Structures are given as C-alpha cells and as structure tokens.
Ligand code: KPL
C-alpha cells in the first residue's frame, strides 16, 4: 500500500463519477444494488460481468437490479481502462480488507477516498494510518444477510433498515463525509455524516463483542442471549466492556451499555449473528477485529477482563 508520506494528488470529487464497491457479501451487495439504480458503480467480487442482484427488501418485495461486476484481479490488471473510481467502498470482511486494497492500489489514484464498512476496530486505524487519501469509516445498523442458496432465494435479504454513520477518525474530512452520505441517502441507505465516528465504531464493537462470540460459541440466535441461562455471562461481559470503554475515553450511549446491548439482542432476536454464520459456513471469523481491540485495551489499562479473555481464547482456538 502507498504510504502517507508520498505526494498526494487532489482528492477526486465524489459527487460524480463511479464508485468501486469491493466485496460482495451482504452489505457489499446491499450497497451495490441500492446505488446501482441511480449511480455508476462497479462491484468487485467472485462473479464476473454484469449480472443482477436479487434484493429482498424489508417490505418483502424482491427487486432484480442490474449491477456491473468484475473480479478483483481482472479489474486490477485492466490497463486499457482509463476510468478511475472517485470512491472505493471497501466492504470485505475485516481480515481481507488490507490485502484487497493492496491488490487494487496500483490502479487507483493515490488520493482516492476510501469508505471502510468493516466490523470491529482493526482495519479502520491501520488503513487510516497507511493510505495516502482520505479514509472514511462507516458504522451501520442496516441488517442484511445472504440466505442459503435455493431456487427462490434472493442474493441478499435487507432484513431491516438502519442508519449508517460516516466520518474519518481524525475528523479532517467532514465535507467529504457529507457528500458520501448524501449519495448513499439518495440511493435509499439512510446515512449521516459525523465528527465522532470512533465512538460509533466502539459502540458497535461493544454490541458485537457480546452477541457475536457468544452466539457463535453456543450456536444460538441472538435472542437466546435474553434467556436466564445466558444472563450472568452477558452482564459480566457488559461490566468488563463498560470499564474498558471508560478507560479508553469512549462516551457511553445515552441509555447505558447494558440497555444498548439488550436492545440489540431484542431487536435482532431471530438473527444469526455474522460470526455464527461464518462458523456454520466454515469461514474465518472476525473475532480478532471485534475482540482484539478490547482485549488489548484491557491489558493496556491493566483491567481484569476474564470473560473477554475466555471468549478470545475460545474464538481463537
Ligand atoms: O452486527 C451484528 C452481527 O451479527 O454482526 C448484530 C448487530 C449482532 C446483528 O446480528
């Protein structure tokens, strides 16, 4: 990846021009299908050429949306095209993000703005530190998943609408965050620019650090964590996370940590968390991006975090 010290070109405008969406997971396909109806985009994933995305909307209607696609290696190797994207939406899993960006970087203008939509808090500081252009981070509560393949199955189910917060960690690019949020909004993804994206990312991290590993270890839907059998573990984890957040200077949510996490357990009761889906599909999980920053912060601040440590060991095994 290009280092920050290299000369940067002017930041390309994002109000026009094509966006490149990297990663055809649930969120990548949701963003691609929503944007493609109004704006030029290319989706990089396993499928080549233009093929439709079947998107089931929250109201149950299924849309068939034509989306230009390419494989990442073919896009990176295409020296005939002079078109450069004005924004790259990196929608891969956290552990794939850096390698995906490295592979595409030679074909990108050095100051191309990025929008990172990973869970956790690993890629955000690492890529912000190393990429020469502006790095926006997104924290989203959009609920989307890929159902098991079947003759009637859509490619992606948009289970519930949410809010997508957008900002950069140093709060240097609020105007850019505003224009990116505007385009997402126009595409039907409710987005809001913000000056405190780190707080939003850590709030989501707290939710994911409780729900994802517990549901993945016990192979239960999110709502099971409201059962009495899980309560002592959930409340002990929340207490550890609360102490770590305080030491890290992350402001609590207005309703408090326990209510935030219980609210998501309730609102997503029938969901299989993304980590459970990864475990069931035999894919690598995002445990490092989700639990790693909390475990490291507990060590940095010399705070006991036995529940987090136990989850970390179980998830890393
Ligand atoms: O973000 C999620 C995930 O599964 O990754 C939650 C909010 C836990 C919903 O399942």
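Residue numbers (full-length UniProt numbering): 1 to 317.
Think of the CB as a built atom: it goes at the ideal place given N, C-alpha and C, for glycine as much as any other residue.
These figures come from a predicted structure and were not determined experimentally.
{"Query": "Residue 70 versus residue 215 - alpha carbon distance", "Result": "34 Å"}
{"Query": "Other residues of its chain near residue 83: CB distance less than 7 Å, five sequence neighbours each side excluded", "Result": "18"}
{"Query": "Cβ-Cβ distance between residue 165 and residue 127 below 8 Å", "Result": "no"}
{"Query": "Own chain residues within Cβ distance below 7 Å of residue 64, not counting five before or after", "Result": "52 and 54"}
{"Query": "Neighbourhood of residue 190 by C-beta distance below 6 Å, restricted to the same chain and skipping five residues each side", "Result": "163"}
{"Query": "Check: residue 220 C-beta below 7 Å from any heavy atom of the ligand KPL", "Result": "no"}
{"Query": "From 30, 209 and 105, residue whose alpha carbon lies closest to that of residue 260", "Result": "209"}
{"Query": "Coarse secondary structure for residue 172, derived from DSSP in three states", "Result": "coil"}
{"Query": "Any heavy atom of the ligand COA nearer than 5 Å to the CB - residues listed", "Result": "The ligand COA is not part of this structure, which contains only the ligand KPL."}
{"Query": "Residue 218 classed as buried or exposed, judged by whether at least 16 other C-beta atoms fall within 10 angstroms", "Result": "exposed"}
{"Query": "Whole-number beta carbon distance between residue 242 and residue 307, since they are thought to touch under 8 Å", "Result": "Wrong, their Cβ atoms sit about 12 Å apart, outside the cutoff."}
{"Query": "Bridge partner(s) assigned by DSSP for residue 52", "Result": "66"}
{"Query": "DSSP three-state assignment for residue 139, whether helix, strand or coil", "Result": "strand"}
{"Query": "Residue span of the beta strand (DSSP E) that contains residue 19, given as start and end", "Result": "19 to 22"}
{"Query": "Every unbroken beta strand (DSSP E) within the UniProt domain \"Ketopantoate reductase C-terminal\" (196 to 315), with a cutoff of 3 residues, ordered by chain", "Result": "none"}
{"Query": "CB of residue 117 within 8 Å of CB of residue 103, strictly", "Result": "no"}
{"Query": "Inter-residue Cα distance where the pair is residue 285 and residue 121", "Result": "14 Å"}
{"Query": "Boundaries of the beta strand (DSSP E) in which residue 159 is found, first to last residue", "Result": "156 to 160"}
{"Query": "Beta-carbon spacing of residue 187, residue 56 below 8 Å", "Result": "no"}
{"Query": "Residue span of the alpha helix (DSSP H) that contains residue 123, given as start and end", "Result": "123 to 130"}
{"Query": "Residue burial classification, residue 172 (beta-carbon count within 10 angstroms, cutoff 16)", "Result": "exposed"}
{"Query": "DSSP three-state assignment for residue 88, whether helix, strand or coil", "Result": "strand"}
{"Query": "Whole-number beta carbon distance between residue 213 and residue 270, since they are thought to touch under 8 Å", "Result": "Between residue 213 and residue 270 the Cβ distance is about 19 Å, and since that is not below 8 Å, they are no contact."}
{"Query": "Cα-Cα separation between residue 12 and residue 110, rounded to whole angstroms", "Result": "Confidence at residue 12 is low in this model, with a pLDDT of 49, below 50, so the placement of that residue should be treated as unreliable; the coordinate-derived value is given next. The straight-line gap from Cα to Cα measures roughly 10 Å."}
{"Query": "Interface flag, residue 91 vs chain D, CB-CB below 8 Å", "Result": "In the structure shown, chain D cannot be found, because there is only a single protein chain."}
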